[in-house]
Amino acid sequence: MGSTTVVSSAALVVDADTVILGGWLAFSGDEIVGCGAPGELEGRFEGATRWDLSDLILLPAFVNAHTHLCFSHLRHRVPFRDTFTAWLIEVGATALSDSDDAFAAATREGAAECMRTGTAAVGDATPRWGTWGTLDESGLGGVLFLEVFGFGGAGSENTVGQLERELPELAAKRLAIGISPHAPYTADAQTYRDCAAFARANDMRLMTHLAETAEEVELLQHGHGPLADFFNLRAAPLGASWQPPGMSPIAYAASLGVLGPTTLIAHANYVSSEDIGMMADAGAHVAFCPRSHAFFRHPRHPVEEFLNAAINVALGTDSLASNDSLSMLEEMRDLRQRHPAIQPHVALRMATENGAKALGIESRYGTLAPGKSASFVAIRPAGKAQVTRETAMGAALEGEAEIEASLIAGKRMPADEET
Ligand SMILES: [Zn+2]
């Protein structure tokens with residue numbers, strides 16, 4: 231623990247329901263040791279260092295529930311042309327032969343961009359397990375999901391057995407380790423069952439890409455389409471070894487025992503009302519990535535339906551292969567532009583508390599409270615209007631407002647620089 235610092239604010243947004251005008255926050259090392267209304271500061275924290283942010287709005291640091299930081303070197307490198315399958319193949323051709331050093335460097339750069347833009351914790355997923363050391367040292371908190379592959383007997387180094395062998399070493403690290411059967415077109419039924427069993431046995435979060443594209447739905451329902459063509463062009467063609475389950479991706483995952491309260495579904499773009507009911511009953515979480523969603527030109531996301539069904543919906547940026555930046559503030563702005571019925575406090579909750587719940591890290595992240603990580607974002611509102619309790623969150627999320635400072639795990643970050 232270091233010495234104590236007391237920070238002043240124009241408005242302290244403690245959580246998505248609570249704004250304290252002129253609120254202050256005290257932290258020591260990576261821990262919040264107090265926060266409250268101006269009058270409650272008297273006589274406490276004598277001799278503490280002062281940090282004057284009294285013209286800024288302080289928000290809890292963001293939780294980016296879904297990203298792939300090891301692909302941070304792919305920004306603007308692989309455009310979307312016509313199908314997701316073609317994009318995926320091109321990403322593979324562009325990046326998968328890169329060295330471990332290139333992936334580690336990309337992870338380091340991505341983590342730095344996250345922290346510069348006010349994100350304190352991530353749900354990061356990687357096929358390159360060797361990058362975990364880099365992410366672990368970055369200062370970001372959260373869960374690193376190690377991606378597992380295995381489809382129709384095709385060989386992969388990323389197996390549940392391999393994870394079992396590496397787990398003792400990984401478990402010694404600061405970040406929590408999660409498991410991610412990648413997607414229904416790269417992980418078959420047995421791989422999904424094995425991953426779910428492994429997650430349960432090791433008290434681990436599970437994340438999977440599910441119901442992301444119409445191509446995935448077509449493959450699972452009928453065994454047709456671009457993804458089926460892709461497999462049929464490869465050495466292990468679909469056929470005797472694999473039959474389409476004839477179900478929606480969500481129903482398929484439910485039938486394999488994958489949906490539960492420690493499961494995070496990335497995307498869930500193509501769902502029926504029955505699917506939504508299954509997700510709600512299971513208590514599964516969703517990571518919605520608005521700008522990546524737009525990049526792939528999917529139809530409108532059912533985010534409001536999820537929220538109405540009391541499903542915990544978090545926000546993510548996805549990787550820089552399908553997004554312009556890793557800024558969660560930009561993600562919230564995009565969300566509100568496309569879904570104007572979503573109020574500022576709901577968008578903020580999705581980018582903070584809901585992300586923390588989806589990753590099982592709510593005891594440390596998502597709100598500003600004593601005992602939690604000393605992590606916040608300080609935003610200068612646009613214009614000269616006086617910030618009120620009612621306008622603070624809207625003012626912080628507004629397009630012209632800028633991040634002026636952030637504190638991540640007790641360390642001050644430089645303000646965002648345009649990249
Ligand atoms: Zn993803």
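According to the working numbering, numbering within the sequence shown proceeds without interruption in unit steps and concludes at 649.
C-beta: ideal position from N, C-alpha, C; glycine also.
Since the model is a prediction, treat every value here as computed from it, not as a measurement.
Tell whether a beta-carbon distance below 8 angstroms holds between residue i and residue j.
i, j, result
"residue 497", "residue 588", "no"
"residue 585", "residue 290", "no"
"residue 505", "residue 480", "yes"
"residue 533", "residue 500", "no"
"residue 401", "residue 409", "no"
"residue 435", "residue 492", "yes"
"residue 254", "residue 268", "yes"
"residue 365", "residue 326", "no"
"residue 350", "residue 638", "yes"
"residue 598", "residue 244", "yes"
"residue 356", "residue 377", "yes"
"residue 428", "residue 373", "no"
Can you tell me which of the options puts its alpha carbon nearest to the alpha carbon of residue i?
i, options, result
"residue 387", "367, 416, 235, 608", "416"
"residue 238", "279, 261, 273", "279"
"residue 392", "628, 425, 468", "425"
"residue 582", "246, 236, 234", "246"
"residue 359", "347, 329, 598, 343", "329"
"residue 344", "314, 302, 324", "302"
"residue 604", "549, 370, 322, 382", "370"
"residue 452", "380, 475, 422, 333", "475"
"residue 375", "312, 297, 333", "297"
"residue 294", "379, 558, 600", "558"
"residue 550", "519, 566, 577, 538", "519"
"residue 608", "240, 460, 411", "240"
"residue 591", "634, 544, 635", "544"
"residue 270", "438, 430, 611, 236", "236"
"residue 250", "242, 555, 257", "242"
"residue 341", "324, 300, 319, 331", "300"
"residue 642", "478, 542, 259", "259"
"residue 601", "552, 398, 261", "261"
"residue 680", "468, 287, 636, 552", "No information on residue 680 is available, as it lies outside the stretch 231 to 649 that the chain covers here."
"residue 565", "554, 577, 555", "577"
"residue 437", "472, 483, 462", "483"
"residue 619", "575, 428, 430", "575"
"residue 419", "478, 486, 449", "486"
"residue 473", "449, 459, 463", "449"
May I ask which residues mark the beginning and end of the beta strand (DSSP E) holding residue i?
i, result
"residue 642", "641-643"
"residue 290", "279-290"
"residue 411", "406-411"
"residue 579", "Note, residue 579: premise wrong, no beta strand (DSSP E); alpha helix (DSSP H) at 574-581."
Since residue i and residue j are thought to touch, with beta carbons under 8 angstroms apart, how far apart are those beta carbons, to the nearest angstrom?
i, j, result
"residue 527", "residue 310", "7 angstroms"
"residue 561", "residue 521", "6 angstroms"
"residue 315", "residue 414", "That belief does not hold up - the Cβ atoms of residue 315 and residue 414 are roughly 13 angstroms apart, past 8 angstroms."
"residue 348", "residue 546", "No, residue 348 and residue 546 are not in contact; Cβ-Cβ is about 15 angstroms, not under 8 angstroms."
"residue 494", "residue 517", "6 angstroms"
"residue 629", "residue 563", "6 angstroms"
"residue 305", "residue 324", "Not confirmed; about 12 angstroms, so no contact."
Would you give the residue range spanned by the alpha helix (DSSP H) that residue i belongs to?
i, result
"residue 423", "419-431"
"residue 390", "390-400"
"residue 345", "330-346"
"residue 635", "Unbroken run through residue 635 is the beta strand (DSSP E), 632-638; no alpha helix (DSSP H)."
"residue 623", "622-627"
"residue 566", "558-568"
"residue 324", "314-325"
"residue 303", "Segment: none, residue 303 is in no alpha helix (DSSP H) and carries neither H nor E."
"residue 445", "444-452"
"residue 364", "362-367"
Any residues whose CB sits closer than 7 angstroms to a heavy atom of ligand 1? List them in chain order? 296, 298, 355, 439, 496, 548, 549
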